[in-house]
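Per our numbering: the sequence shown ends with 1158, consecutive numbering throughout. Inspection log for the structure reproduced underneath, given as structure tokens.
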Amino acid sequence: MRAVQITEFGGPEVLNVTELPEPEAGPGRVLINVSRAGINYADTHQAENSYLSKASLPLVPGGEAVGTTPDGRRVVALLGTGGYAEKAVAPEEMAWDVPDAVDDVTALGMVVQGASAWLLLRRSVHLAEGESVVVHAAAGGVGTLAVQLAKAWGAGRVIATASSEDKRALALDLGADVAVDANEPDMKAALIDANGGKRVDVVLEMTGGEVTDQSLRALAPFGRLAFYGMASRKPPTPVQPAALMAHSTTIAGMWLAHVFQLPGDVMRTALGELFALAADGRLRVVAGGEYGLTGVREAHEALRSRRTTGKLVLDPAR
């Protein structure tokens, strides 16, 4: 089968298309004929071995895929690795049936980005009706869905940040009340101004560096910042616990992998709600572009340079 393989860690240049033996599904695992694989920012970290979970070589990247099983089920699955290929294997408990009304791109957009947005708002910050919500990188995969979910769940004011006029226009089209230039030199002041002169209640942040630092300083009393990525690859300034008392603020971290350690099937609950909203037309995944296997380097370059919007997918038949 055709697949993308990494034999050394690095940037997009280490992604190579090759022929590999087809994977075999052992006990408790399911084989998927991949129709589309998801391309995530985390994949760029996996390629350079800078992700939270360390990788080993050789490696077929790609943590999510949608397709059909040998018995005809249409599923979307979390894989860990192996998605950038014509066939992939997933644990049975991490493969979920996809409703007919949900297309491939939407299914892939929900299984990582949608579930992340759901968890950030439901579990990490416990969004309450009427609260203001800042969504950084609002034109990205998680951001586009977080804007829509925050609005649907009663946020009083949704403030989106994005790096270009087109991306800010997209965030507004998805329901954001105001869009802020992500390159504002004084992000604290920009966020407070966008909230009518008041500090903000909730921030969803995945940029890192000064953006995290200034967003934290913009929080209202009992405000919450949920940190779920570091796209700039620049760490924020370390926070002293005593400093959180200044405004009774909270910082939460979120990594999707930990959802499987929660009691009950939280992931199935999240996907059930997300798929229902999508099927009813109340939540949409923004298609960010489709690439063939030979275009995978281009896709990673676009992600790393923050030129993308919405959900990127890989078609292994191309």
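For every residue, glycine included, the Cβ atom is placed at its ideal position computed from N, Cα and C. Being a predicted model, the structure only gives us computed values, none of them experimental.
Exercise. Beta-carbon separation of Glu971 and Ala995 under 8 Å?
Worked result: yes
Exercise. Between Ala1139 and the rest of its own chain, which residues show a CB-CB distance below 6 Å, the 5 nearest in sequence each way excluded?
Worked result: Ile879, Tyr1131 and Leu1152
For this session: Have a look at Arg963, Pro1156, Thr1047 and Asp940 and flag the residue whose alpha-carbon is nearest the alpha-carbon of Ser1145.
Result: Thr1047
Problem set entry | Beta-carbon proximity list for Ala1092, same chain, < 6 Å, skipping 5 on both sides | Ser964 and Ala1066
Problem set entry | Of the listed residues Asp944, Pro901 and Pro867, nearest to Arg914 (C-alpha basis) | When only C-alpha atoms are compared, the closest one is Asp944.
Problem set entry | Spatial distance of Ala1022 from Ala1002 (CA atoms) | 5 Å
Exercise. Which first and last residues belong to the beta strand (DSSP E) in which Leu1065 is found?
Worked result: Leu1059 to Phe1067
Exercise. Just to check, is the beta-carbon of Val854 closer than 7 Å to a non-hydrogen atom of the ligand ZN?
Worked result: In the structure shown, the ligand ZN is absent, as is every other ligand, since no ligand is present at all.
For this session: Could you round the C-beta distance between Arg1057 and Lys1038 to whole angstroms and report it? I think they count as a contact, below 8 Å.
Result: Their Cβ separation, rounded to whole angstroms, is 14 Å, which puts Arg1057 and Lys1038 out of contact at 8 Å.
Exercise. So, do the stretch 866-875 and the stretch 902-910 have three or more beta carbon pairs nearer to each other than 8 Å?
Worked result: yes
For this session: Within its chain, find whatever has a CB closer than 8 Å to the CB of Arg1108; leave out the 5 residues flanking it on each side and keep chain order.
Result: Trp936
Exercise. What span of residues does the beta strand (DSSP E) with Ala979 cover, start to end?
Worked result: Note, Ala979: premise wrong, no beta strand (DSSP E); not H, not E.
Problem set entry | Under the three-state DSSP convention, the category Lys927 falls into | strand
Exercise. Would DSSP call Ala895 helix, strand or coil?
Worked result: coil
Exercise. How should Leu922 be labelled, buried or exposed, when 16 other C-beta atoms within 10 angstroms of its C-beta is the threshold for buried?
Worked result: The question names Leu, yet the displayed sequence has Gly at residue 922. By the neighbour-count rule (16 or more Cβ atoms within 10 Å), Gly922 is buried.
Problem set entry | Rounded Cβ spacing between Leu969 and Arg869 (contact assumed at less than 8 Å) | Looking at the sequence shown, residue 969 is not Leu but Glu. Wrong, their Cβ atoms sit about 42 Å apart, outside the cutoff.
Problem set entry | Proximal residues to Leu1123 (C-beta, below 6 Å), its chain only, five neighbours per side dropped | Gln988 and Leu1117
Problem set entry | Same chain only: Cβ atoms within 6 Å of Val973, ignoring 5 sequence neighbours per side | Only Ala990, Ala995, Val998 and Val1042 meet the Cβ criterion.
Exercise. What's the gap between the Cα of Asp1105 and the Cα of Leu919?
Worked result: Pairing Asp1105 with Leu919, the inter-Cα distance amounts to about 17 Å.
Exercise. If Ile846 sits next to Ala882, beta carbons under 8 Å apart, how far is it from one beta carbon to the other, in whole angstroms?
Worked result: Contact flag wrong, Cβ pair sits at about 14 Å.
For this session: Express the C-alpha separation of Gly981 and Leu1012 in angstroms, rounding to a whole number.
Result: 15 Å
Problem set entry | Residue environment, Met1085, which counts as buried when at least 16 other CB atoms sit within 10 Å | exposed
Exercise. Should Gln953 be labelled buried (16 or more other beta-carbon atoms within 10 Å of its own) or exposed?
Worked result: buried
For this session: Going by CA-CA distance only, name the one from Leu855, Ala928 and Ala1142 that's closest to Leu897.
Result: Leu855
For this session: State the Cα-Cα distance for the pair Gly850 and Val942, rounded to the nearest angstrom.
Result: 35 Å
Exercise. If you draw a straight line from the alpha carbon of Ala925 to that of Ala1110, how long is it in whole angstroms?
Worked result: C-alpha separation (whole angstroms): 27 Å.
Exercise. Since Thr1089 and Gly1049 are thought to touch, with beta carbons under 8 Å apart, how far apart are those beta carbons, to the nearest angstrom?
Worked result: Contact doesn't hold; Cβ gap of about 19 Å is too wide.
For this session: Take Leu960 and list the residues in its own chain whose beta-carbon comes closer than 6 Å to its own, dropping the five residues that flank it on each side.
Result: Cβ neighbours of Leu960 beyond the five flanking positions: Leu1044, Ala1066 and Met1094.
Problem set entry | In chain order, each beta strand (DSSP E) run of at least 3 residues that lies wholly inside the stretch 849-888 | The qualifying runs are 856-859 and 869-879.
Problem set entry | alpha helix (DSSP H) segment containing Ala1142, residue limits | Run containing Ala1142: Val1136 to Arg1144, per the alpha helix (DSSP H) assignment.
For this session: Can you have a look at Ala1071 and say buried or exposed, based on whether 16 or more other CB atoms are within 10 angstroms of its CB?
Result: buried
Exercise. Measuring CA to CA, which of Pro1081, Leu1014 and Leu1096 is closest to Trp958?
Worked result: Leu1096
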